[in-house]
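The C-terminal position of the sequence shown is numbered 331 in the working numbering, with every residue numbered one higher than the one before it.
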Amino acid sequence: MKKIFLFIPLIIVIMIAVFCLVFLLQGKDPSKPPSALLYKNLPEFNMIGLFDDSDVISNKDLNGNIMLINFFASWCAPCKAEHPLFFEIKKNYPNILLIGINYKDKQEEAINYLNTMGNPYDYVGVDNKGIIGLELGVFGLPETFIVNSKGIIMYKHLGPLTKKIITNEVTPFIQ
């Protein structure tokens with residue numbers, strides 16, 4: 157009977173290893189978490205502007221444009237790493253509307269961040285309580301969405317963008 161109890165931990169370890177191996181072999185990319193909103197309408201929202209509280213914008217104001225929506229925060233190191241790439245996107249693809257959504261951040265710190273790093277966005281909104289992020293299924297920062305001119309979410313990326321990701325994954329949606 158004691159010999160059986162000696163094998164139980166080994167069996168548990170083997171089961172965990174098999175589970176991990178199956179997950180890894182499925183090719184899951186952590187930067188592409190599943191999204192129930194992909195290929196669906198952008199959820200309705202209203203948000204105030206970062207620089208002007210009286211500037212309120214809704215998703216309906218944005219329809220008709222190809223949009224790149226980026227959730228960022230001043231305290232987010234990966235956000236700082238990808239930030240310069242938005243200037244390149246804006247320069248190379250002037251037809252898109254670049255929307256920044258400052259997520260769960262202090263307003264003065266977010267303004268200082270954009271004043272220091274530069275502001276590539278056409279509009280910067282505020283999501284202090286994370287409600288818009290919740291509606292869009294934001295999983296972590298930074299997170300980027302591409303919405304077509306009909307208001308349909310076409311692409312979602314979790315984590316910092318890189319030149320390679322922009323070239324291979326983002327560009328087909330914003331050309």
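All C-beta atoms in this analysis are idealised placements derived from N, C-alpha and C, irrespective of residue type, glycine included.
Inter-residue Cα distance where the pair is V280 and A229: For the purposes of this step, residue 280 is taken as residue 124 along the sequence shown, with counting starting at 1. For the purposes of this step, residue 229 is taken as residue 73 along the sequence shown, with counting starting at 1. Roughly 11 Å between the two C-alpha positions.
Completely contained beta strand (DSSP E) runs for the stretch 205-257, where each covers 3 or more residues: The stretch 205-257 contains these whole beta strand (DSSP E) runs: 212-214, 223-228.
Terminal residues of the alpha helix (DSSP H) in which E299 lies: Here residue 299 is taken as the residue at index 143 of the sequence shown, counted from 1. In the DSSP assignment, E299 falls outside any alpha helix (DSSP H) and lies within the beta strand (DSSP E) extending over 299-303.
Option in I309, H313, A233 with minimal Cα separation from N219: Translated into the one-based positions of the sequence shown, residue 219 becomes position 63. It is I309.
7 Å CB neighbourhood of E238 in its chain, flanking five on each side removed: The sequence position of residue 238 within the sequence shown is 82, counting from 1. For E238, where only same-chain residues beyond five positions count, the Cβ hits under 7 Å are P298, P316, L317.
Within 7 Å, strictly: CB atoms of T300 and N221: In the sequence shown, the residue the question calls residue 300 occupies position 144. In the sequence shown, the residue the question calls residue 221 occupies position 65. Taking 7 Å as the Cβ cut-off, T300 and N221 do not qualify as a contacting pair.
Simplified DSSP state of V178, which is helix, strand or coil: The sequence position of residue 178 within the sequence shown is 22, counting from 1. In this prediction, V178 has a pLDDT of 48, which is less than 50 and means its spatial position is unreliable; what the coordinates show is noted afterwards. In the structure shown, V178 sits in a helix (DSSP, three-state: H, G or I).
Spatial neighbours of D211 in its chain, beta-carbon cut-off 6 Å, leaving aside the 5 residues before and after: In the sequence shown, the residue the question calls residue 211 occupies position 55. These residues qualify, in order along the chain: G205.
Residue from I213, A266, D217, G293 with nearest C-alpha to K306: Start at 1 with the first residue of the sequence shown, and residue 306 comes out as number 150. The shortest Cα separation from K306 among I213, A266, D217, G293 belongs to D217.
Y195 - containing alpha helix (DSSP H), residue span: As a position in the sequence shown, residue 195 is number 39, starting the count at 1. Taken as a continuous stretch (DSSP letters only), Y195 belongs to no alpha helix (DSSP H), as it is neither H nor E.
Collapsed DSSP secondary structure at N202 in the structure displayed: As a position in the sequence shown, residue 202 is number 46, starting the count at 1. Here N202 sits in strand by DSSP.
For Y269 and V178, the rounded distance between their alpha carbons: Numbered from 1 along the sequence shown, position 22 holds the residue referred to as residue 178. Numbered from 1 along the sequence shown, position 113 holds the residue referred to as residue 269. Caution is warranted here: a pLDDT of 48 is assigned to V178, below 50, making its placement in the model unreliable, and the coordinate value is therefore given only provisionally. Going from the Cα of V178 to the Cα of Y269 covers about 42 Å.
7 Å CB neighbourhood of L198 in its chain, flanking five on each side removed: If you number the sequence shown from 1, residue 198 lands on position 42. Counting only Cβ-Cβ distances below 7 Å, and skipping sequence neighbours, we find N215, V303, G307, I309.
Cα-Cα separation between N271 and E265, rounded to whole angstroms: Working through the sequence shown from its first residue, we reach residue 271 at position 115. Working through the sequence shown from its first residue, we reach residue 265 at position 109. For N271 and E265, the distance between alpha carbons rounds to 10 Å.
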